[in-house]
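Chemist:
Protein chains in written order, with our numbering: chain L, 2 to 116; chain Y, 1171 to 1281.
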């Protein structure tokens, strides 16, 4: 079974440009999460989809970030316009069921550098 | 709000040494606890988990016990190997689905 995949693995852009990150969850997983780790600090939650619906987007830092999940399959996270402080590693995770024992499976992450 | 505190790294050990990485938490409600590991160049992998007090999670020789009285979930391994070199993250979730992570502890094992 394929794991969570993310594209691209690395992205270097200039301040003010736009970047779109993609996540393909494990097939059949309704829950999809975005997280990011900035400057070696803790990994922080951005948002949670259940199928195509945003369940919780309380972690989105501002309106420069837009996440979508078309048809409840893959998801994209767009940053427009990018700022220096957006640099970090963006992780996607998916899970099949909610509950105490829920296990979130993570992708390899996208390393974003904004210059 | 929920929070996780991990010991700061890096932790440098010789092969076959005993490992402890401390993790304590603060949570509203009754959390499930996790350890994730990130090997160089790879994504996060679930290492072990525990969902209720006194449960012990174990995997690949690593263990952690859910201690509600001390709000801790310390990671231990009796004999580390060079291949255990990685960044280890302690995490929790409660009713809110999002995981709350600690800042990560880098482990470097020398031959």
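From the three backbone atoms N, C-alpha and C, an ideal C-beta is built for every residue, glycine too. All values derive from a computational prediction rather than experimental measurement.
Could you tell me which residues DSSP puts in a beta bridge with residue 87 (chain L)?
Modeler: Beta-bridge pairing links residue 87 (chain L) to no other residue.
Chemist: Who are the near neighbours of residue 38 (chain L) in its chain, counting only those whose CB is closer than 6 Å to its CB and skipping five residues on each side?
Modeler: These residues qualify, in order along the chain: 44, 89, 90.
Chemist: Residues in the stretch 55 to 79 of chain L with C-beta within 9 Å of chain Y's C-beta atoms, listed in sequence order?
Modeler: Answer set for the stretch 55 to 79 of chain L: 56, 57, 59, 60.
Chemist: Should residue 1189 (chain Y) and residue 1250 (chain Y) be called a contact, given that it needs their Cβ atoms to be closer than 7 Å?
Modeler: Yes; because the gap between Cβ atoms is below 7 Å, this pair is in contact.
Chemist: Taking 7 Å as the threshold (C-beta atoms), are residue 1208 (chain Y) and residue 1256 (chain Y) in contact?
Modeler: Cβ distance < 7 Å, so residue 1256 (chain Y) and residue 1208 (chain Y) count as in contact.
Chemist: Which value, in whole angstroms, describes the spacing of the CA atoms of residue 1196 (chain Y) and residue 1272 (chain Y)?
Modeler: Rounded to whole angstroms, residue 1196 (chain Y) to residue 1272 (chain Y) spans 11 Å at the Cα level.
Chemist: Name, going along the chain, the residues of the stretch 39 to 50 of chain L whose beta-carbon falls closer than 7 Å to a beta-carbon of chain Y.
Modeler: The stretch 39 to 50 of chain L vs chain Y, Cβ under 7 Å: 42, 43, 44, 46, 49.
Chemist: Straight-line CA distance for residue 42 (chain L) to residue 29 (chain L)?
Modeler: For residue 42 (chain L) and residue 29 (chain L), the distance between alpha carbons rounds to 31 Å.
Chemist: Is there a Cβ of chain Y sitting closer than 7 Å to that of residue 107 (chain L), yes or no?
Modeler: Answer yes: the Cβ-Cβ gap between residue 107 (chain L) and chain Y drops below 7 Å somewhere.
Chemist: For the beta strand (DSSP E) containing residue 30 (chain L), list its first residue and its last residue.
Modeler: That residue, residue 30 (chain L), is in no beta strand (DSSP E); it is neither H nor E in DSSP.
Chemist: Using beta-carbon positions only, say whether residue 1211 (chain Y) and residue 1219 (chain Y) come within less than 7 Å of one another.
Modeler: No.
Chemist: Going along chain Y, which residues have a C-beta under 8 Å from residue 23 (chain L)?
Modeler: Simply none; closest approach about 15 Å.
Chemist: Does any C-beta atom of chain L lie closer than 7 Å to the C-beta of residue 1243 (chain Y)?
Modeler: No, because no Cβ of chain L sits closer than 7 Å to the Cβ of residue 1243 (chain Y).
Chemist: Taking buried to mean at least 16 other C-beta atoms within 10 Å of its own C-beta, is residue 80 (chain L) buried or exposed?
Modeler: Label assigned to residue 80 (chain L): buried.
Chemist: Quick one: Cα of residue 9 (chain L) to Cα of residue 72 (chain L), how far?
Modeler: Approximately 21 Å between the Cα atoms of the pair.
Chemist: What does residue 1212 (chain Y) touch in chain L if you count any residue whose Cβ is under 7 Å from its own?
Modeler: Residues of chain L passing the Cβ test: 109.
Chemist: Please decide whether residue 104 (chain L) counts as near chain Y, where near means a Cβ-Cβ distance under 7 Å.
Modeler: Judged by the 7 Å Cβ criterion, residue 104 (chain L) is in contact with chain Y.
Chemist: Using only CA atoms, which one of L:12, L:95, L:101 lies nearest to residue 51 (chain L)?
Modeler: Minimum Cα distance to residue 51 (chain L) is reached at L:95.
Chemist: State the beta-bridge partners of residue 1220 (chain Y) as determined by DSSP.
Modeler: According to DSSP, residue 1220 (chain Y) bridges with Y:1203.
Chemist: Compare the C-beta of residue 1232 (chain Y) against all C-beta atoms of chain L and say whether one is closer than 7 Å.
Modeler: No, its Cβ sits nowhere closer than 7 Å to a Cβ of chain L.
Chemist: Taking all protein chains shown into account, do 16 or more other C-beta atoms lie within 10 angstroms of the C-beta of residue 1202 (chain Y), making it buried, or fewer, making it exposed?
Modeler: The residue in question, residue 1202 (chain Y), is buried, as its Cβ has 16 or more Cβ neighbours within 10 Å.
Chemist: Just checking: is the beta-carbon of residue 1216 (chain Y) within a distance shorter than 7 Å of some beta-carbon in chain L?
Modeler: Yes, residue 1216 (chain Y) lies at the interface with chain L (some Cβ there is under 7 Å from its Cβ).
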